[in-house]
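All letters in the sequence shown, in the order written, are residues 496 to 763 by our numbering. For every residue, glycine included, the Cβ atom is placed at its ideal position computed from N, Cα and C. For clarity, every value in this text was computed on a predicted model and none was experimentally measured.
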Amino acid sequence: MTVTVPLTQTEVEEINSHLRELSPQQILQWAVDHVPSLYQTTAFGLTGLAATDMLAKLTPTPPPLIFLDTLHHFQETIDLKNEVERRYGHRVHVFRPMSSETAEDFTRTFGERLWEENEVAYDYLVKVEPAQRAYRELGVKAVITGRRASQGGSRSSLQPLEVDETGMIKINPFWSWKFSDVKAYIDANSVPTNALLAQGYKSIGDWHSTAKSGEGDAGERAGRWAGKAKTECGLHVNYFEMKQQLKEQQESEPSAELPVQHATAVEV
């Protein structure tokens with residue numbers, strides 16, 4: 496039986512009561528069998544890579560992959576994206592910030608070191624707007640994520656399935672797995688991984704917000720946004736609240752050339 500979008504809260508709760516009893520492979524199989532217009536969003540972290548490998552073994556036509564190229568990834572991440580395409584034989588749909596094909600294009604349009612000058616605008620431009628554009632152009636109704644409750648922060652109450660404020664279904668097959676479970680699967684199945692992991696990095700995002708984790712650093716996401724309370728890049732925060740925050744920035748500085756003006760020029 497195909498899931499009908501949008502889902503009611505009662506339906507979400509009923510589905511989760513079923514999915515909570517299943518393994519990640521079983522949740523993925525359920526999603527492939529029952530969820531329409533299903534894609535996998537990935538930044539090629541370990542959990543996402545485990546999902547890609549599992550899906551390749553579950554079905555000859557796995558959900559297509561979507562990668563949001565912020566233009567500020569490490570080269571090792573781009574190399575891994577290319578390796579995943581070669582290994583699994585599926586083209587990855589790549590979406591970049593609007594009007595930008597290179598980091599230089601981005602800087603010319605939106606200014607130097609925007610991630611420091613206006614973090615909310617940066618997250619919107621490199622993650623949120625490209626994601627919404629991808630969903631619109633590809634007709635995405637549901638996405639598979641690599642999030643897990645054990646990663647903490649806003650993810651600590653994660654469930655196998657959720658519906659966000661835009662109506663997008665998010666499937667979290669690894670919601671109950673710990674890092675050790677993911678690592679064991681990666682090792683046992685020789686899944687390709689980011690070369691930076693062998694250099695002391697734990698969690699890998701943009702080069703400017705990722706550092707090697709020091710001795711005693713707690714949490715598997717250590718090294719991301721060091722010194723900040725931030726735990727998400729914008730992709731899994733409330734979309735409408737972010738839009739409102741950007742709108743308020745524009746209204747408070749009407750004469751400023753805020754990058755937000757470019758961001759909100761696109762209807763999503």
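- Burial check for Phe590: the Cβ neighbour count within 10 Å reaches 16 or more, so the residue is buried.
- Here the region 520 to 529 lies against the region 543 to 558, with 3 or more beta-carbon pairs under 8 Å apart.
- In this structure, Gly662 places its C-beta atom within 7 Å of the C-beta atom of Pro501.
- Going by beta carbons, Phe669 and Pro519 fall inside the 7 Å limit.
- Relative to Glu596, the option among Phe569, Asp574 and Asp564 whose CA is nearest is Asp564.
- Exposure of Phe735 is indicated by the presence of fewer than 16 other C-beta atoms within 10 angstroms of its C-beta.
- Around the Cβ of Glu624, a 10 Å sphere holds 16 or more other Cβ atoms; the residue is buried.
- With a minimum length of 4 residues, the unbroken runs of alpha helix (DSSP H) contained wholly in the region 522 to 566 fall at 541 to 553.
- In the DSSP secondary-structure assignment, Phe590 is bridged to Leu563.
- A residue is called buried once 16 or more other Cβ atoms fall within 10 Å of its Cβ, and Thr542 is buried on that count.
- In the structure shown, Val621 adopts helical secondary structure according to DSSP, grouped into three states.
- Taking the CA atoms as reference points, His703 sits about 38 Å from Pro555.
- A contact between stretches requires three or more CB pairs, one per stretch, nearer than 8 Å, and the region 533 to 542 meets this requirement with the region 640 to 653.
- Comparing alpha carbon positions, the residue from Ser671, Tyr619, Asn733 and Val527 closest to Leu517 is Ser671.
- In its chain, beyond the 5 residues on either side, Asn733, Tyr734 and Phe735 have a beta carbon closer than 7 Å to the beta carbon of Glu660.
- Between Phe569 and Leu691 a beta carbon distance of about 6 Å is seen, short of the 8 Å cut, so the two are scored as contacting.
- Look at Leu656 here: in three-state DSSP terms it is strand.
- A straight line joining the alpha-carbon of Tyr617 with that of Ser512 spans about 37 Å.
- Between the alpha carbons of Thr505 and Lys622 lies a distance of about 30 Å.
- In this structure, the CA atom of Leu514 is about 8 Å from the CA atom of Leu656.
- Distances from the alpha-carbon of Val579 to those of Thr499, Ala538, Thr503 and Pro687 put Pro687 closest.
- Under the three-state reduction of DSSP, Val635 is assigned to coil, being neither helix nor strand.
- In the DSSP assignment, Lys665 falls within the beta strand (DSSP E) that extends over Ile664 to Ile666.
- The beta carbons of Ala626 and Leu730 sit about 6 Å from each other, so the pair counts as a contact at 8 Å.
- Using a 10 angstroms sphere on the CB of His529, the tally of other CB atoms stays under 16, which defines it as exposed.
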